[in-house]
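*Asks:* Please read through the structure below; I'll follow up with questions.
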Amino acid sequence: MLFIYFYCVHQQDLYRTVLLPDCGCNTLHRHRAEEEEDEEGRGNVQHPAHKYSERANKEFVNKEDILSKMVLLQGGWFLMGTDDPGIPQDGEGPQRRVWLDPFYIEEHEVTNLQFQLFTNITHHVTEAERFGDSFVFEGLLSEEVKSTLSHAVAAAPWWAPVKGADWRHPEGPDSSIAHRMDHPVLHVSWADAQVYCEWAGRRLPTEAEWEFACRGGLQDRLYPWGNKLMPRGQHYANLFQGEFPSHNTAEDGFAQTSPVKKFPANAFGLYDMVGNAWEWTADWWSVHHTRDNTHNPKGPETGSDRVKKGGSYMCHKSYCYRYRCAARSQNTPDSSASNLGFRCAADSTP
Ligand SMILES: [Ca+2]
Ligand SMILES: [Ca+2]
Numbered sequence: 001m002l003f004i005y006f007y008c009v010h011q012q013d014l015y016r017t018v019l020l021p022d023c024g025c026n027t028l029h030r031h032r033a034e035e036e037e038d039e040e041g042r043g044n045v046q047h048p049a050h051k052y053s054e055r056a057n058k059e060f061v062n063k064e065d066i067l068s069k070m071v072l073l074q075g076g077w078f079l080m081g082t083d084d085p086g087i088p089q090d091g092e093g094p095q096r097r098v099w100l101d102p103f104y105i106e107e108h109e110v111t112n113l114q115f116q117l118f119t120n121i122t123h124h125v126t127e128a129e130r131f132g133d134s135f136v137f138e139g140l141l142s143e144e145v146k147s148t149l150s151h152a153v154a155a156a157p158w159w160a161p162v163k164g165a166d167w168r169h170p171e172g173p174d175s176s177i178a179h180r181m182d183h184p185v186l187h188v189s190w191a192d193a194q195v196y197c198e199w200a201g202r203r204l205p206t207e208a209e210w211e212f213a214c215r216g217g218l219q220d221r222l223y224p225w226g227n228k229l230m231p232r233g234q235h236y237a238n239l240f241q242g243e244f245p246s247h248n249t250a251e252d253g254f255a256q257t258s259p260v261k262k263f264p265a266n267a268f269g270l271y272d273m274v275g276n277a278w279e280w281t282a283d284w285w286s287v288h289h290t291r292d293n294t295h296n297p298k299g300p301e302t303g304s305d306r307v308k309k310g311g312s313y314m315c316h317k318s319y320c321y322r323y324r325c326a327a328r329s330q331n332t333p334d335s336s337a338s339n340l341g342f343r344c345a346a347d348s349t350p
């Protein structure tokens with residue numbers, strides 16, 4: 001094996017685990033050598049943007065039929081972050097004024113069907129497929145797969161690296177996506193998401209764009225629809241109900257991902273901005289922000305982790321109160337997991 005897994009229990013993670021219960025999905029770090037090849041000797045795994053052939057791309061004429069509809073957002077000034085952070089150590093604050101130029105964003109998370117058509121055309125191989133495994137929430141695994149596990153994540157034992165888990169096999173080799181082609185694609189790394197968006201003629205949204213989109217024009221509210229989690233007793237997002245991690249009552253109708261657009265859109269017409277799958281953004285991770293006004297911020301110049309937003313079907317207030325627009329978390333760019341997907345954005349339509 002030319003790479004190893006390394007489960008780091010940083011001081012901060014330990015603090016979270018002991019004092020502030022946490023879903024642990026930001027502790028899923030894949031560690032590997034700087035220069036490496038996969039087991040078949042194929043190099044350049046860090047730059048998958050070049051893995052698909054231009055010829056295959058040109059031969060396809062109906063790319064537009066695959067891609068999600070985009071919504072034009074006018075931008076302008078908005079308040080990013082919060083002065084009343086639910087999880088202060090995540091760098092949710094301080095609240096600051098941010099200007100955004102107009103941009104487009106896809107109305108829903110990229111689905112399994114869309115990603116399958118993309119891979120049919122481009123022959124893109126995801127990082128999870130190259131590495132041969134990915135992280136899966138243990139509660140979703142069959143007894144057969146569980147019996148093959150050798151270790152779990154120290155800070156979050158409900159996460160397990162599962163051999164053969166990838167976007168086509170979200171819970172390991174004995175699972176499939178056949179009955180959930182309209183669900184968000186999972187087990188895609190930041191680089192995989194980047195390649196898809198690039199192929200689409202689009203890009204990943206910046207964190208500021210993602211948060212602007214999440215807020216749906218509302219100011220200083222917790223959720224894309226307001227401050228009340230369940231207006232009129234209705235579920236507005238696919239989250240986790242019950243006792244995390246052992247008992248998911250799936251009161252919202254879904255113990256795992258749901259088809260995209262199952263829950264109400266926000267005022268911008270965007271679906272599943274919180275819940276369902278976490279979504280990669282373009283930015284490097286930092287927890288340090290100033291109150292300075294900024295124009296079209298793109299995050300730090302460099303870093304080790306990328307920002308993800310929105311929380312997932314695994315989020316519960318007791319463990320992962322991150323299904324709020326200001327909430328944020330991070331993973332190394334080569335991480336992939338059974339609750340992490342993406343959507344694309346663009347400066348203009350093609
Ligand atoms: Ca649910
Ligand atoms: Ca989402």
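FYI, the UniProt record's numbering numbers position 35 of the sequence shown as 35, with every residue one higher than the one before it.
By construction, the Cβ of each residue, glycine as well, lies at the ideal position given by its N, Cα and C atoms.
With the cut-off set at 8 Å, would you say residue 380 and L340 are in Cβ contact?
*Replies:* Residue numbering for the chain in the displayed model covers 1 to 350; residue 380 lies beyond these limits and cannot be assessed.
*Asks:* Does Q330 come out as helix, strand or coil in the three-state DSSP assignment?
*Replies:* One-based indexing of the sequence shown puts residue 330 at position 330. Looking at Q330 - three-state DSSP - the assignment turns out to be strand.
*Asks:* So, at 6 Å on beta carbons, what are the nonlocal neighbours of R215 in its own chain, with the 5 sequence-adjacent residues on each side left out?
*Replies:* Residue mapping note: residue 215 aligns to position 215 of the sequence shown, counting from 1. Closer than 6 Å at the Cβ level, and outside the excluded window around R215, lie C325.
*Asks:* With which residues is P88 paired in a DSSP beta bridge?
*Replies:* Here residue 88 corresponds to residue number 88 of the sequence shown, with the count starting at 1. Answer is none; P88 lacks a bridge partner.
*Asks:* With A337 and L28 assumed to form a contact (beta carbons below 8 Å), what rounded beta-carbon distance in angstroms separates them?
*Replies:* Counted from its first residue, the sequence shown places residue 337 at position 337. Counted from its first residue, the sequence shown places residue 28 at position 28. Yes, A337 and L28 are in contact; Cβ-Cβ is about 6 Å, under 8 Å.
*Asks:* Check for me: the alpha helix (DSSP H) holding S192 runs from which residue to which?
*Replies:* The sequence position of residue 192 within the sequence shown is 192, counting from 1. Looking at the sequence itself, residue 192 is Asp, so the reference to Ser does not match. W190 to W199 is the extent of the alpha helix (DSSP H) around D192.
*Asks:* According to DSSP, is G164 part of a helix, a strand, or is it coil?
*Replies:* The residue you call residue 164 lines up with position 164 of the sequence shown. Looking at G164 - three-state DSSP - the assignment turns out to be coil, as it is neither helix nor strand.
*Asks:* Can F137 be considered in contact with ligand 1, in the sense that its beta carbon sits closer than 7 Å to one or more heavy atoms?
*Replies:* Within the sequence shown, numbered from 1, the residue matching residue 137 stands at position 137. No, ligand 1 has no heavy atom inside 7 Å of this Cβ.
*Asks:* Looking only at its chain, what residues have a beta carbon closer than 6 Å to the beta carbon of T148, apart from the 5 residues adjacent to it on each side?
*Replies:* Start at 1 with the first residue of the sequence shown, and residue 148 comes out as number 148. Excluding residues within five positions, none has a Cβ falling inside 6 Å.
*Asks:* Suppose you measure from the CA of K51 to the CA of R232; what does that come to, to the nearest Å?
*Replies:* As a working mapping, residue 51 is identified with position 51 in the sequence shown. As a working mapping, residue 232 is identified with position 232 in the sequence shown. The predicted model places K51 with a pLDDT of 42, which falls under 50 and marks its position as unreliable, so this point remains unresolved.
*Asks:* Indicate, with yes or no, if ligand 2 has a heavy atom lying under 7 Å from the CB of N276.
*Replies:* On the sequence shown, position 276 is the one that residue 276 refers to. Yes, since a heavy atom of ligand 2 falls inside the 7 Å radius drawn around the Cβ of N276.
*Asks:* Can you check the region 200 to 278 for any alpha helix (DSSP H) of at least 4 residues that lies completely inside it and give the ranges in chain order?
*Replies:* As far as the region 200 to 278 is concerned, its whole alpha helix (DSSP H) runs of at least 4 residues are 207 to 215.
*Asks:* Cα-Cα, which of Q219, Y196 and L113 is closest to H183?
*Replies:* Here residue 183 refers to the residue found at position 183 of the sequence shown. Considering only alpha carbons, the answer is L113.
*Asks:* What separation, rounded to the nearest whole angstrom, lies between the Cα atoms of K228 and D334?
*Replies:* As a working mapping, residue 228 is identified with position 228 in the sequence shown. As a working mapping, residue 334 is identified with position 334 in the sequence shown. The alpha-carbon atoms of K228 and D334 are separated by roughly 35 Å.
*Asks:* Keeping to the same chain, check which residues put their C-beta closer than 6 Å to that of A33; ignore five residues upstream and five downstream.
*Replies:* Reading the sequence shown from its first residue, position 33 is the one you call residue 33. For A33, the predicted structure reports a pLDDT of 38, less than 50, and the residue's modelled location is therefore unreliable. A value from the coordinates is still provided. Same-chain partners within the cutoff: there are none.
*Asks:* In angstroms, rounded to a whole number, what distance separates the CA positions of R130 and D347?
*Replies:* Against the sequence shown, residue 130 aligns to sequence position 130. Against the sequence shown, residue 347 aligns to sequence position 347. Those two C-alpha atoms are separated by around 32 Å.
*Asks:* What is the residue span of the beta strand (DSSP E) that R96 lies within?
*Replies:* Residue 96 sits at position 96 when you count from the first residue of the sequence shown. Start and end: R96 to L100.
*Asks:* Run the proximity test for A255: is its beta-carbon closer than 7 Å to any non-hydrogen atom belonging to ligand 1?
*Replies:* Indexing the sequence shown from 1 puts residue 255 at position 255. Yes; taking the cut-off as 7 Å, the Cβ of A255 has a heavy atom of ligand 1 nearer than that.
*Asks:* State buried or exposed for W225, treating a residue as buried only when at least 16 other CB atoms are found within 10 Å of its CB.
*Replies:* As a first step, residue 225 must be located in the sequence shown, where it is residue number 225. Buried, since its Cβ has 16 or more Cβ neighbours within 10 Å.
*Asks:* Which same chain residues, not among the five before or five after T294, have their C-beta less than 6 Å away from its C-beta?
*Replies:* Within the sequence shown, residue 294 is the residue found at index 294, counting from 1. Same-chain partners within the cutoff: V98.
*Asks:* For a test of the three-state rule: what should DSSP assign to K146, helix, strand or coil?
*Replies:* As a working mapping, residue 146 is identified with position 146 in the sequence shown. Reduced to three states, the DSSP call for K146 is helix.
*Asks:* What are the complete alpha helix (DSSP H) segments, minimum 4 residues, inside the region 278 to 334?
*Replies:* Complete alpha helix (DSSP H) runs here, min 4: none at all.
*Asks:* Taking the alpha carbon of F268 as the point to measure from, which residue in G24, F103 and G139 has its own alpha carbon closest?
*Replies:* Within the sequence shown, the letter at position 268 stands for residue 268. For the residues G24, F103 and G139, the minimum Cα distance to F268 belongs to F103.
*Asks:* Exposed or buried, G81, counting other C-beta atoms within 10 Å across all chains shown (16 or more means buried)?
*Replies:* Indexing the sequence shown from 1 puts residue 81 at position 81. G81 is buried by the Cβ-count criterion.
*Asks:* Once DSSP output is grouped into helix, strand and coil, what is the label at F137?
*Replies:* What you label residue 137 is simply residue 137 of the sequence shown in a count that begins at 1. F137 falls in the strand class under three-state DSSP.
*Asks:* Could you tell me whether any non-hydrogen atom of ligand 2 is closer than 7 Å to the CB of M230?
*Replies:* If you number the sequence shown from 1, residue 230 lands on position 230. No, ligand 2 has no heavy atom inside 7 Å of this Cβ.
*Asks:* State the CB to CB distance for the pair E107 and L270, rounded to an integer number of angstroms; the pair is presumed to be in contact (CB under 8 Å).
*Replies:* Position 107 of the sequence shown holds residue 107. Position 270 of the sequence shown holds residue 270. About 6 Å; that satisfies the 8 Å criterion.
*Asks:* Give a single yes or no on whether N339 has its beta carbon closer than 7 Å to a heavy atom of ligand 1.
*Replies:* In the sequence shown, the residue the question calls residue 339 occupies position 339. It does not: the Cβ of N339 is nowhere closer than 7 Å to a heavy atom of ligand 1.
*Asks:* So who's on the other strand from T111, going by DSSP bridges?
*Replies:* For the purposes of this step, residue 111 is identified with residue 111 of the sequence shown, where counting begins at 1. T111 pairs with P184.
*Asks:* Where do the ends of the beta strand (DSSP E) carrying F131 lie?
*Replies:* Stepping through the sequence shown from its first residue, residue 131 is reached at position 131. Element bounds for F131: not the beta strand (DSSP E) but the alpha helix (DSSP H), E127 to F131.
*Asks:* Hey, could you find the ends of the alpha helix (DSSP H) I177 is sitting in?
*Replies:* The residue you call residue 177 lines up with position 177 of the sequence shown. Neither: I177 is in no alpha helix (DSSP H) and is coded neither H nor E.
*Asks:* Taking all protein chains shown into account, do 16 or more other C-beta atoms lie within 10 angstroms of the C-beta of E143, making it buried, or fewer, making it exposed?
*Replies:* Here residue 143 is taken as the residue at index 143 of the sequence shown, counted from 1. Exposed, since its Cβ has fewer than 16 Cβ neighbours within 10 Å.
*Asks:* So what's F342 in DSSP terms, helix, strand or just coil?
*Replies:* On the sequence shown, residue 342 is found 342 positions in, with the first residue counted as 1. F342 falls in the coil class under three-state DSSP.
*Asks:* Using 8 Å as the Cβ pair cut-off and three pairs as the minimum, do the region 160 to 168 and the region 109 to 126 touch?
*Replies:* The region 160 to 168 is in contact with the region 109 to 126.
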